[in-house]
Amino acid sequence: MEKTIQRDLFPGALEMMMLRTLKRQPMHGYALAQQIKRTSNDVLEIEEGSLYPALQRLLKAGFLKAEWGISATNRRVRIYKLTPAGAKHLEREVSSFERMLNGITRVLAPGEL
Amino acid sequence: MNWLKQLFLRKRLYSELSEEIQSHLDEKVEELVADGMSPEDAIRAARREFGNVHLIEENSREVWGWPSVESVVLDFRHGLRSLSHSPSFTVVALLTIAIGISANAAVFSVVNSVLLRPLNYPHAEQLVALHQVAPGAEGLADFESGLLLSPSMYFTYAEHNRKFQSVGIWGTGTANVTGMAEPEQVRTVGVSEGVLETLGVPPALGRWLSREDQEPNGPGRVMLSYGYWQRRFGGDRAVIGRTITTDSRLREIVGVMPQGFRFMDGDFDLCAPLAFNRVNLPLAGFGFHGIARLKLGVTIAEANADLSRLLPIWMESWSNGPGQNSHIYEQWRITPMIHPLKQEVVGNIGEFLWVVMATIAIVMLIACANVTNLLLVRVEARQQELAVRTALGAGRARIVRGLLVESVMLGLMGGLVGVAFSYAGIHFLVAIGPSNLPRLNEIAIDARVLGFTFVLSVFSGLSLGLIPALKYAGPQGSSALQSAGRTITVSRERHRVRNLLVVGQVAMALVLLMSAGLMIRTFAALRTVDPGFSDPQRLQTLRISIPDSLVAEPEGVTRTQNAILDKLAEIQGVKSVAFISEMPMEGFDSRWDEIYAEGKAYADNTIPPLRLYKNISPGLLHTAGTRLVAGREMTWGEIYALRPVVMISENLARELWGTPSAAIGKHVREFSNMPWDEVVGVIQDVREKGLQETEPEIVYWPPLDKNPFVPALRTATFVIRTDRAGTESFVNELHTAVWSVNSNLPLASVRTMKEVYDKSVARTSFTLVMLGIAGAMALALGIIGIYGVMSYMVSQRQREIGIRLALGAKGGDVLQMVMSQGTKLALVGVAIGVCAALGLTRLMTNVLFGVTPHDPMTFVAVAVLLIVVASLACYIPARRATLVDPIVALRYE
Chain A
406 MEKTIQRDLF PGALEMMMLR TLKRQPMHGY ALAQQIKRTS NDVLEIEEGS
456 LYPALQRLLK AGFLKAEWGI SATNRRVRIY KLTPAGAKHL EREVSSFERM
506 LNGITRVLAP GEL
Chain B
327 MNWLKQLFLR KRLYSELSEE IQSHLDEKVE ELVADGMSPE DAIRAARREF
377 GNVHLIEENS REVWGWPSVE SVVLDFRHGL RSLSHSPSFT VVALLTIAIG
427 ISANAAVFSV VNSVLLRPLN YPHAEQLVAL HQVAPGAEGL ADFESGLLLS
477 PSMYFTYAEH NRKFQSVGIW GTGTANVTGM AEPEQVRTVG VSEGVLETLG
527 VPPALGRWLS REDQEPNGPG RVMLSYGYWQ RRFGGDRAVI GRTITTDSRL
577 REIVGVMPQG FRFMDGDFDL CAPLAFNRVN LPLAGFGFHG IARLKLGVTI
627 AEANADLSRL LPIWMESWSN GPGQNSHIYE QWRITPMIHP LKQEVVGNIG
677 EFLWVVMATI AIVMLIACAN VTNLLLVRVE ARQQELAVRT ALGAGRARIV
727 RGLLVESVML GLMGGLVGVA FSYAGIHFLV AIGPSNLPRL NEIAIDARVL
777 GFTFVLSVFS GLSLGLIPAL KYAGPQGSSA LQSAGRTITV SRERHRVRNL
827 LVVGQVAMAL VLLMSAGLMI RTFAALRTVD PGFSDPQRLQ TLRISIPDSL
877 VAEPEGVTRT QNAILDKLAE IQGVKSVAFI SEMPMEGFDS RWDEIYAEGK
927 AYADNTIPPL RLYKNISPGL LHTAGTRLVA GREMTWGEIY ALRPVVMISE
977 NLARELWGTP SAAIGKHVRE FSNMPWDEVV GVIQDVREKG LQETEPEIVY
1027 WPPLDKNPFV PALRTATFVI RTDRAGTESF VNELHTAVWS VNSNLPLASV
1077 RTMKEVYDKS VARTSFTLVM LGIAGAMALA LGIIGIYGVM SYMVSQRQRE
1127 IGIRLALGAK GGDVLQMVMS QGTKLALVGV AIGVCAALGL TRLMTNVLFG
1177 VTPHDPMTFV AVAVLLIVVA SLACYIPARR ATLVDPIVAL RYE
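Same order as they appear, the protein sequences are chains A and B. Mapped onto this note's numbering, the consecutive letters of the first sequence carry residue numbers 406 to 518. Mapped onto this note's numbering, the consecutive letters of the second sequence carry residue numbers 327 to 1219.
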């Protein structure tokens, strides 16, 4: 099933990727969706719409700021930008994710068992 | 406020979100078209990749909302809709709750205004009444007013205390105002310095009475009440400085007190200085009410100690005359017992108000039980709906909340209607309330009453919904769905709650009916009490006061009164007339005498017991219908000849000489140095202080006396026996008759003894009416409860009954089956109610008279009444059960 991957994303993973992507460069929703797909080499097939509730959550938490602007294709769009609080949150999330990944990798590593 | 801003921003946020999502889709389509896809395909692909646009939009919005609040609002809407779908249920439930709440709100507003709200004076919590008791003063100790203050006591307290900001004494009286149209008797308040300062209410106009106004021979000055100022001077602001003639003395008006200002609980017209002459003030003269304002932080106990310290100083500083022992009052054991002024004003009304409040609260409980029963039936009918909702994923909490929201909504709406009702209820209460209910004029709905009503509404709403909600929101959805559509016999368990509610209702109704029954017995007992006069509706009374400025010489006063008697007797329809210092239960301040009896030994330096005394004219006993127990009445000849004759009450005769007849010919005297008076007659005991109070011992002096202090009775109640009593034409003729003797004499307290009598039983009849209403409501609700449950049960068991009948049961068997089930409930309720009533009616002891709180007759009568009525309520559904047609009942299956 196509959606398996997305459904199996752990909670917060999507937000983390969004924050990471926006840290590099502010962008609008559509661009963000394309960017995440591209960088993951299309492994993570994300339902594009699911970005929006996540964007609202991050906005409400104060990790992002949004401003209306004009996109490269000359369209009125809302451009999202990482806030300092968002940057800090991302750092925390990434480090805890790395720790977790580390643990999982160790368990999965061949030969040790 | 962040959430507030969010609230306003939300609308914009939502539309921005839609715009953003639309632009996302557009961009995607554009890109796909640029890649060579057809526009239609592109739109479809874009949508597919995006997902469910509406769901995503909703999810995005939800991030900003308060899902819990919003879903509660949803519950409210749902509740409202479901209530409006069953209007008859809603109306019945609403009315039941509204009546319960309005009764509670109305009675609570009385409790609030009378008992809870502070008095209408600034910093009223510092105000105290200088109450004191004198257990050593025989005779005095019986009465709740205790020992009043004497002027010398006041001066000692005012000048030497350490714990009071101010101290004053006051007393009420009447005065004749002349020189303005008709002569008028007005209500006066005499105040010492310190009274107005203590109360602390500034005048509306002019100034307070000052220290200078209290000089004994100073200029006569007076203040007006707002009401008198409006009535007599039309609210003229130029009234300050004008003069008014009271008791033939010219007084200058210096101020007007503001609207709503009352002396404790009394209305007044004029406020005049007491203006004591400090020279030669005796220790005695205990006739004034003391009032004081405590210093900040001083407790009642400290203030009591302060006054106790001053009592020896008082006895040292003043004297009853040369050669008199000042320490004679030590044997009285005078003890200050200061209490808050509010307690003085409110008196013992609290007990009776709380009884009324408690009964009304029980009515509310019964009403709630009834509505709960209705809700149970309703929820049962909605089982399938609830099961479907559960199956669709509504959690138990959500369903409980939905049901609770619905019942709270019922409660709130009931409360709203209830507040409207209670406005009417308060008018009713004030109208039927005893006119001597303190602070009656202050009763109103205020924020506290509204708060009480709100809390009561929410609380009753919650408790209404709780039982149905907990019972039916359980994880029983599947069984409900399975049984849907088939009329199975309702489980015993499900009936239990309803049965319990009915039992509770019957029990509570029994308690209420019991207390109402006890009040009826009390009232009946009061009716049989001989008050000391007969046929009160044919007894006209009026009071006339003859000041010395009008008739100086004592004998002239009595002659004037005699002339008035003659004129009154000439009026058509008058059977007999007489006068007396005051009739029983008129409520004027009592006067006391030290009475020495012949043949009794009195230790030196002790004071004999104080006795209440009155003055009566010949013919009073016959006119008023008071029994002469022994001897004879005094005659006018004896009175004018100043013969030493006196009459006494039966209980005093028995106390002193054993029997009434033994008292005839014996002697009593007032003070140790006065001549002896011969007892010529013994009069039946009278209920001087009210029907419920014991009869005091009384000495009856003639109206004219050799006593140098009070030589003649100047203020008297004239008593007229006539069939025309109370009619307007008769009252007019009374005025003409009195004015034909002296046109300067005002008539006061023109009323029939029936009014005096009714006032005396007003509190009892008010309680009776309230408990009667509460009892009737309880009975009606209880019957509805039983009837509802039984008919519901019959309708539920229709199939079972049908089978029974089909199998050969007779109608009588079915009738008996249903009846026995109903009466069993009633019997259990009655049993529980009797036990509860045994405990609860004891709280009523103080409002009962002539009947014990456990009066067996009342208990039996009420229990039988309830059982009979409950059986009747069961009979109708039982009868219907026998009419079940087995074929019809079974065909439904």
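Quick reminder that beta carbons are idealized off the backbone N, C-alpha and C, glycines included. All of these numbers come straight from a predicted model, not from anything done at the bench.
With the cut-off set at 8 Å, would you say residue i and residue j are in Cβ contact?
i	j	result
MET845 of chain B	GLY1016 of chain B	no
SER841 of chain B	THR1167 of chain B	yes
THR572 of chain B	ASN502 of chain B	yes
THR1208 of chain B	GLY1137 of chain B	yes
ILE382 of chain B	GLY454 of chain A	yes
ALA598 of chain B	GLY497 of chain B	no
LEU1192 of chain B	VAL1144 of chain B	no
ILE965 of chain B	LEU1030 of chain B	yes
LEU1038 of chain B	THR884 of chain B	Going by the sequence as given, residue 1038 of chain B is Ala instead of Leu. Contact flag set, yes.
GLY472 of chain B	VAL493 of chain B	no
VAL972 of chain B	TYR1026 of chain B	yes
THR886 of chain B	ASN1068 of chain B	yes
GLY405 of chain B	VAL731 of chain B	yes
LEU453 of chain B	LEU755 of chain B	no
LEU790 of chain B	LEU679 of chain B	no
TYR485 of chain A	LEU460 of chain A	yes
ALA525 of chain A	ILE451 of chain A	Past the boundaries of the shown model lies residue 525 of chain A; chain A is included only from 406 to 518, so the question cannot be answered.
VAL1160 of chain B	ALA1189 of chain B	yes
ARG958 of chain B	GLY991 of chain B	no
ASN696 of chain B	ILE1110 of chain B	yes
PRO862 of chain B	ARG1013 of chain B	no
ILE897 of chain B	ILE870 of chain B	no
Determine the chain B residues that contact residue i at a beta-carbon separation under 7 Å, and present them in chain order.
i	result
LYS465 of chain A	VAL389, TRP390
GLY434 of chain A	GLU346, HIS350
For residue i, which residues in chain A fall below 9 Å Cβ to Cβ?
i	result
VAL379 of chain B	GLY454
Could you please give me the residues that DSSP links to residue i through a beta bridge?
i	result
HIS665 of chain B	B:ALA455
VAL1005 of chain B	B:VAL972
MET432 of chain A	A:TYR485
CYS597 of chain B	B:VAL515, B:MET549
ILE475 of chain A	A:ARG481
SER871 of chain B	B:THR1041
LEU865 of chain B	B:ARG1047
LEU1030 of chain B	B:ALA1038
Please list the partners that residue i has in chain B, where partner means a Cβ-to-Cβ separation under 8 Å.
i	result
ARG528 of chain A	The question about residue 528 of chain A has no answer, for chain A in this structure spans 406 to 518.
ARG480 of chain A	SER349, ASP352, GLU353
Find the residues of chain A that neighbour residue i, judging by a C-beta separation of less than 8 Å, and give them in chain order.
i	result
ILE382 of chain B	GLY454, SER455, TYR457, PRO458
PHE376 of chain B	GLU452, GLU453, GLY454
Using a Cβ cut-off of 9 Å, pull out every chain B residue sitting near residue i, in sequence order please.
i	result
GLN461 of chain A	LEU339, LEU343, ASN385, SER386, ARG387, GLU388, VAL389, TRP390
GLY417 of chain A	Chain B residues near GLY417 of chain A: none, gap ~15 Å exceeds 9 Å.
Cβ of residue i less than 8 Å from any chain E Cβ?
i	result
LYS470 of chain A	Judged by its chain identifiers, the structure shown contains no chain E, and its protein chains are A and B.
Unbroken alpha helix (DSSP H) runs of length 4 or more, entirely within the stretch 470-498 of chain B: which are they?
-> Those alpha helix (DSSP H) runs which fall completely within the stretch 470-498 of chain B and span 4+ residues are 477-486.
Can you give, in chain order, each stretch of the alpha helix (DSSP H) that sits fully within the stretch 522-586 of chain B and has at least 4 residues?
-> 552-559
For the stretch 353-404 of chain B, which segments carrying the alpha helix (DSSP H) assignment without a break, of at least 4 residues, lie completely within its bounds, in sequence order?
-> 365-376, 379-390
Jot down the residue ranges of each uninterrupted alpha helix (DSSP H) in the stretch 914-983 of chain B, minimum 4 residues, whole runs only, in chain order.
-> 946-950, 962-966, 976-983
With a floor of 4 residues, list each alpha helix (DSSP H) that falls wholly inside the stretch 1149-1211 of chain B, ordered by position along the chain.
-> 1182-1208
Mind pulling the beta strand (DSSP E) runs of 3 or more residues that sit fully within the stretch 1050-1084 of chain B?
-> 1074-1078
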